[in-house]
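In the UniProt record's numbering, the protein residues as written are 1 to 264. Each residue gets a CB set at the ideal place from its N, CA and C atoms; glycine is no exception.
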Amino acid sequence: MTAYKYQAQALMRDYLLADLLVPYTSVFVGIVLCKMAYDLTRLLSSFYFKGYSSLTKIQRVEWNNRGMSSAHAIFITAISLYLVISTDLFSDRLTGPITFRNSIISTFALGVSVGYFISDLAMIFWLYPSLGGMEYVLHHTISLVAIAYTMLSGEGQFYTYMVLISETTTPEINLRWFLDTAGLKKSSAYLVNGILMFIVWLVARILLFIYVFYHIYFHYSQVVQMHAFGYYLTFIVPSVLFVMNTMWFMKILKGVKKTLSKWS
1 MTAYKYQAQA LMRDYLLADL LVPYTSVFVG IVLCKMAYDL TRLLSSFYFK GYSSLTKIQR
61 VEWNNRGMSS AHAIFITAIS LYLVISTDLF SDRLTGPITF RNSIISTFAL GVSVGYFISD
121 LAMIFWLYPS LGGMEYVLHH TISLVAIAYT MLSGEGQFYT YMVLISETTT PEINLRWFLD
181 TAGLKKSSAY LVNGILMFIV WLVARILLFI YVFYHIYFHY SQVVQMHAFG YYLTFIVPSV
241 LFVMNTMWFM KILKGVKKTL SKWS
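This is how it looks when you write it as structure tokens:
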């Protein structure tokens, strides 16, 4: 009976949010913010990085795109940590299934993230494969579907935000590309960045995902109350991302070993 009560409350919030256009407005805001971050990266780079003008057209596009993705990563990591750690929204102290908890803030932030993934995926298709191959298309597509579903349904937002914490690795990845493109591959900053990226990736994309699986297992009685589509997303999306993260982690490990051997 309690499960049906929370499902009814979740559906009421969904319809209320739809009437207020919160999800749709947040997606639009996300797209606009992406355009602003892209243009701001281009503006600042042209003023403060002398080598920016000498980059090829596609390099400048990727440079600006990575500035945009870094801005999104910082935003969504901060809001994810805030909602998961600093608020009681997903606290075990509260009664009721954690899988049906959401708020205006949590839904709006997910909408902004949906706007980012739409923007970035559009650029990937537009310039394919210059900004990334099929692995990026797969990553962005399943991320977009999962985030959009939790935004619109209100279900499974806790697990969505746990997975989104892994975006904390994005600035390190982008910085590595910036350093390489700027001709600083042999600098100490490049070495430090590689080691930091290895550590952050291990924590945020390997160990954190193991914890997510652990949490799903011990809260299965709540997960199973979700609608079928959300239920399957809860298992499929983290699993696919974990496999991809592990494959990329092995490449990062190989790269760190190669870099350290050059410095030894």
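Looking only at C-alpha atoms, which of the options sits nearest to residue i?
i, options, result
"ASN193", "SER261, GLY96, ALA204 and ASP180", "ASP180"
"LEU131", "PRO171, GLY154 and SER69", "SER69"
"ILE104", "PRO97, ILE79 and ALA122", "ILE79"
"ALA182", "PHE28, ARG60 and LEU43", "ARG60"
"ILE142", "LYS35, PHE28 and LEU241", "LEU241"
"ASP92", "LEU253, GLN222 and VAL203", "GLN222"
"ALA73", "ASN102, PHE90 and GLY115", "GLY115"
"GLU172", "VAL32, ARG66 and SER26", "ARG66"
Should residue i be labelled buried (16 or more other beta-carbon atoms within 10 Å of its own) or exposed?
i, result
"THR170", "buried"
"TRP126", "exposed"
"TRP263", "exposed"
"THR246", "exposed"
"GLY51", "exposed"
"ASP39", "exposed"
"ILE124", "buried"
"PRO238", "buried"
"LEU184", "exposed"
"SER46", "exposed"
"LEU207", "exposed"
"LEU44", "exposed"
"GLY111", "buried"
With respect to the alpha helix (DSSP H) encompassing residue i, which residues constitute its N-terminal and C-terminal limits?
i, result
"VAL243", "228 to 263"
"ILE195", "188 to 201"
"ASN102", "ASN102 -> no alpha helix (DSSP H), and no H or E assigned at all."
"LEU81", "57 to 81"
"LEU40", "22 to 48"
"HIS215", "208 to 218"
Could you pull out every residue in the same chain whose Cβ sits closer than 8 Å to the Cβ of residue i, ignoring the five residues on either side in sequence?
i, result
"GLU135", "MET244"
"GLY255", "GLY194"
Within a Cβ cutoff of 7 Å, which residues of the same chain sit near residue i, ignoring the five residues on either side of it in sequence?
i, result
"GLY230", "TYR149, SER153, GLU155 and GLY156"
"residue 265", "Because residue 265 is not part of the residues shown, which for the chain are 1 to 264, the question remains open."
"LEU17", "Per-residue confidence for LEU17 stands at a pLDDT of 49, beneath the threshold of 50, marking its modelled position as unreliable; no derived number is given."
#### Entry: Contained alpha helix (DSSP H) runs [length at least 4] in the segment 120 to 171, N- to C-terminal order
134 to 153 and 157 to 164
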